[in-house]
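Trainee:
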Amino acid sequence: MFVKSPRRRAMLVTLALSTALAACGHMPEQSPKNTITVISSGGFASSVEALAPQFEKQSGYHVEIVHGSSMGGAPDSIPARLDRQEPADMVILARKSLDQLVNKGQAVKGSQVDLVRSLIGISVQKGAPKPDISNAEAVKRALLAAPSIAYSASASGTYYEKELIKKLGIEAQVKSKSKRIVSERVGAVVARGDAALGLQQVSELLPIKGADYVGVLPPALQKATIFSAGVTTHARNQQGANDLIKFLTSPAAVQTIRQNGLEPAFPTQ
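Throughout the sequence shown, residue numbering follows mature numbering (1 follows the signal peptide of the UniProt record, and there is no 0), covering -22 to -1, 1 to 247 in sequence.
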């Protein structure tokens, strides 16, 4: 009679348990089927990071979040990441940039969902005097008085260099002291004293320690950006991406979105 050795019995038990766990979907490692990889621009990054644990708990999915700007030539921008075919099930970025990804065949046509409306704000180094930015003339004075200005390489920065300073008639005076920030949040540059004044989406300025938030640009100078989500054409987990988008536009997400300086772009009732 053949008698199994203790070592052989242990191996068989381990194999049987592994097979059973795999069949039940309880293997400890994350597989593409239960992982959702998200590439998010900074405007919505704090919100999706705060909401992901709640979604994971109720859905069973694991959410991996990667960061990148909506546009620009930085190697970690969302367009550059997708050009390299980095893994991504969904992207969150400025609507205009998302539509461009759809046109390039990198995001699924019809998958675009507007998440939030984001405003541009100003910050200064912690403890520094906060300039008056209550109206267009006040903003003009603040920009002229600032020894150095930092602005984003993404949507808000494009508006600053292409429209805002031209509208105020101060392009010649401020262009040389304005620095376009790539692959870093403007608030971080202001916090360490490398710029006296910074302009970026409010949601990206608020989390930065070492910088004081001044406020939003006045209505006459403001340009809201719509941040939207879309599913990538090479998504490994399209269903998971759709489920996450649905959660991010649900009533459960509204409070967190507003706490991060954004306004929902979807019905909240």
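In this text, a Cβ means the ideal position worked out from N, Cα and C, and glycines have one as well.
Is the distance from the Cβ of Ile186 to the Cβ of Ala166 below 7 Å?
Mentor: Taking the sequence shown and counting its residues from 1, the one referred to as residue 186 is at position 208. Taking the sequence shown and counting its residues from 1, the one referred to as residue 166 is at position 188. Cβ atoms of Ile186 and Ala166: closer than 7 Å.
Trainee: From the DSSP output, read off the bridge partner residues of Phe33.
Mentor: Locating residue 33 in the sequence shown gives position 55, counting from the first residue. Paired residues: none, contrary to the question.
Trainee: Just how far apart, CA to CA, sit Leu240 and Val94?
Mentor: Stepping through the sequence shown from its first residue, residue 240 is reached at position 262. Stepping through the sequence shown from its first residue, residue 94 is reached at position 116. Approximately 6 Å between the Cα atoms of the pair.
Trainee: What residue range does the alpha helix (DSSP H) around Leu121 cover?
Mentor: As a working note, residue 121 is residue 143 in the sequence shown. Segment Ala114 to Ala123, the alpha helix (DSSP H) holding Leu121.
Trainee: On the DSSP letters alone, give me the boundaries of the alpha helix (DSSP H) that Val164 sits inside.
Mentor: If you number the sequence shown from 1, residue 164 lands on position 186. Run containing Val164: Val164 to Ala169, per the alpha helix (DSSP H) assignment.
Trainee: Using the C-alpha atoms, what's the distance from Lys104 back to Val164?
Mentor: As a working note, residue 164 is residue 186 in the sequence shown. As a working note, residue 104 is residue 126 in the sequence shown. Rounded to whole angstroms, Val164 to Lys104 spans 14 Å at the Cα level.
Trainee: Measure the C-alpha to C-alpha separation of residue 286 and Ser112 and round it to an integer number of angstroms.
Mentor: The shown model of the chain, from -22 to 247, leaves out residue 286, and the question about it has no answer.
Trainee: Tell me whether Gly38 is buried or exposed, calling it buried when 16 or more other Cβ atoms sit within 10 Å of its Cβ.
Mentor: As a first step, residue 38 must be located in the sequence shown, where it is residue number 60. With fewer than 16 other Cβ atoms within 10 Å, it is exposed.
Trainee: Where does the unbroken alpha helix (DSSP H) through Leu146 begin, and where does it stop?
Mentor: Taking the sequence shown and counting its residues from 1, one reaches residue 146 at position 168. First-last for Leu146: undefined, no H or E at that position.
Trainee: Does the segment 64 to 81 touch the segment 144 to 160, meaning 3 or more C-beta pairs lie closer than 8 Å?
Mentor: Counting Cβ pairs under 8 Å, fewer than three are found: no touch.
Trainee: Using C-beta distances below 6 Å, list every residue in its chain close to Ala169, excluding the 5 sequence neighbours before and after it, in chain order.
Mentor: Reading the sequence shown from its first residue, position 191 is the one you call residue 169. The answer, listed in chain order, is Ile186, Gly188 and Ala189.
Trainee: Is it buried or exposed, Arg62, if we count other Cβ atoms within 10 angstroms and call 16 or more buried?
Mentor: As a position in the sequence shown, residue 62 is number 84, starting the count at 1. Exposed, by the Cβ-count rule.
Trainee: The beta strand (DSSP E) that contains Val180, what's its start and end?
Mentor: Locating residue 180 in the sequence shown gives position 202, counting from the first residue. Counting along the chain, Val180 falls outside any beta strand (DSSP E), though it belongs to the alpha helix (DSSP H) covering Val180 to Leu183.
Trainee: Quick one, which of Val91, Ala114 and Ala116 has its alpha-carbon nearest Phe244's?
Mentor: Within the sequence shown, the letter at position 266 stands for residue 244. Closest by alpha carbon: Val91.
Trainee: In terms of residues, what are the limits of the alpha helix (DSSP H) holding Ile56?
Mentor: Mapped onto the sequence shown, residue 56 falls at position 78. Taken as a continuous stretch (DSSP letters only), the alpha helix (DSSP H) holding Ile56 covers Ile56 to Asp61.
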